[in-house]
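Comments concern the structure below.
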Amino acid sequence: MPWIQLRLSANEETAEKYSDWLSACGAQAVTFIDAKDTPIYEPLPGDEVTYWSNTVVMGLYDASHDMDKVLSYLKSIHPDKDEMQYKLEQLEDKDWEREWMDNFHPMKFGQRLWICPSWREIPEPDAVNVMLDPGLAFGTGTHPTTSLCLTWLDGLDLTGKTVVDFGCGSGILSLAALKLGAEKVIGIDIDPQALQASRENAKRNNVEDRLELYLPKDQPQFEADVVVANILAGPLRELAPVITAYAKPNGLLALSGVLEEQATNLLEIYGQNCTMDPIAVQEEWVRLSGKKR
Ligand SMILES: C[S@@+](CC[C@H](N)C(=O)[O-])C[C@H]1O[C@@H](n2cnc3c(N)ncnc32)[C@H](O)[C@@H]1O
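So the mapping is simple: my numbering equals the position in the sequence shown, first residue as 1, plus 208.
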């Protein structure tokens, strides 16, 4: 089906409101990008989201939608009226899901670890291969925040270790840890779709008996050898006591989903209970890691 995309300029105050407007005008999907084109993690219903100061809110409409009507309505309620910054784009008639799948190829992280789309050939059958279909959850390995965690996990000896994956998404980090030798992983996510994707991916990799999955309201008390949390800087800050408590004394932590300018503050917070390593950088994202004292 052909689509029309409406891009509406916003900022951190207006982004959520404009997203509601686009949905109210019949958008099939609403996405946010910042001025640097970094996608914002998919917000959950009722969730607080960090918006960049120059956000573009994009609504996707099927081509038969009356966009003149949408635009005249938006202009009637927009604070800048006729100055409203927007762009309409006709998207080609493509199978979007298929195209995304076509662009997802096996990727290697560190020395041993491969993430392989479940519908593709495995390039190195003797390597540590995670077969993955992210479904509706975040986590394919293509995003620098995930890549930084996968490389970190690959560099550890996880044999017989216990791991907590906070914000497990597709389960990509949990599965990588299990395939790298971890005995047991606890995955936690606020999104039930993420838990479902993690469960299906665990089955795909025959490790479902070693992966426990929880919503935060049900999360168990547990002390793990290794904790990995790829969530945004805001939740990492707020949940620092919870995330740190999941590590045993001398346990290792990796924190991702952090922009370079947010690192100093998080290093201070986590440095209260952990000895922190130098940060690792990929594009504008950083990974913090350390050892709990
Ligand atoms: C950036 S994705 C990371 C997914 C995967 N671990 C990866 O590295 O690609 C962040 C995940 O954290 C989850 N999340 C966000 N806030 C959370 C919270 N407060 N508690 C638990 N999970 C959370 C989101 O639902 C999402 O699946």
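Glycine included, every Cβ here is placed at the ideal spot set by N, Cα and C.
These figures come from a predicted structure and were not determined experimentally.
Neighbour-count burial assignment, residue i, 16 or more Cβ in a 10 Å radius
{"i": "Leu290", "result": "Correcting the residue type first, residue 290 is Asp in the shown sequence and not Leu. By the 10 Å Cβ count, Asp290 comes out exposed."}
{"i": "Gln298", "result": "exposed"}
{"i": "Asp245", "result": "With a pLDDT of 46 at Asp245, under the threshold of 50, the predicted position of this residue should be treated as unreliable, and no value is reported."}
{"i": "Ile380", "result": "buried"}
{"i": "Ala271", "result": "exposed"}
{"i": "Pro443", "result": "buried"}
{"i": "Asp426", "result": "exposed"}
{"i": "Gln480", "result": "exposed"}
{"i": "Ala218", "result": "buried"}
{"i": "Ser227", "result": "buried"}
{"i": "Asp397", "result": "buried"}
{"i": "Gln232", "result": "Reading the sequence as shown, one finds Ala at residue 232 and not Gln. Under this definition Ala232 is an exposed residue."}
{"i": "Gly375", "result": "buried"}
Residue i vs residue j beta-carbon contact at 8 angstroms
{"i": "Gly498", "j": "Cys482", "result": "yes"}
{"i": "Ala385", "j": "Asp373", "result": "yes"}
{"i": "Ala441", "j": "Leu419", "result": "no"}
{"i": "Val149", "j": "Leu296", "result": "This structure leaves residue 149 out entirely; the chain is present only between 209 and 501."}
{"i": "Pro314", "j": "Trp327", "result": "no"}
{"i": "Thr348", "j": "Ser378", "result": "yes"}
{"i": "Met192", "j": "Leu214", "result": "Nothing can be reported for residue 192: it is not among the residues displayed for the chain, which extend from 209 to 501."}
{"i": "Leu268", "j": "Ala237", "result": "yes"}
{"i": "Ala455", "j": "Lys500", "result": "yes"}
{"i": "Cys324", "j": "Val336", "result": "no"}
{"i": "Thr354", "j": "Asn409", "result": "no"}
{"i": "Ser406", "j": "Leu423", "result": "no"}
{"i": "Leu366", "j": "Val434", "result": "yes"}
{"i": "Ile394", "j": "Phe430", "result": "yes"}
{"i": "Ile477", "j": "Ala453", "result": "no"}
{"i": "Leu356", "j": "Arg445", "result": "no"}
{"i": "Ile285", "j": "Trp360", "result": "no"}
Option nearest residue i by Cα separation, candidates the options
{"i": "His273", "options": "Leu461, Gln401, Ile212 and Ala471", "result": "Ile212"}
{"i": "Glu221", "options": "Cys233, Ile323, Trp493 and Thr263", "result": "Thr263"}
{"i": "Leu358", "options": "Asp334, Asp485 and Arg320", "result": "Arg320"}
{"i": "Asp362", "options": "Leu388, Lys369, Thr370 and Leu279", "result": "Leu388"}
{"i": "Phe312", "options": "Pro287, Leu340 and Gln293", "result": "Leu340"}
{"i": "Arg412", "options": "Ala453, Phe240, Gly343 and Asp433", "result": "Gly343"}
{"i": "Lys225", "options": "Pro210, Pro287, Tyr269 and Ser280", "result": "Pro287"}
{"i": "Glu468", "options": "Glu491, Ile477 and Leu447", "result": "Glu491"}
{"i": "Leu460", "options": "Ala471, Cys376 and Thr370", "result": "Thr370"}
{"i": "Val278", "options": "Thr239, Gly234 and Gly318", "result": "Gly234"}
{"i": "Asn458", "options": "Met484, Asn414, Leu403 and Ala223", "result": "Met484"}
Expected contact under 8 angstroms - CB spacing of residue i and residue j to nearest Å
{"i": "Ala462", "j": "Val489", "result": "So it is not a contact: roughly 14 angstroms between Cβ atoms."}
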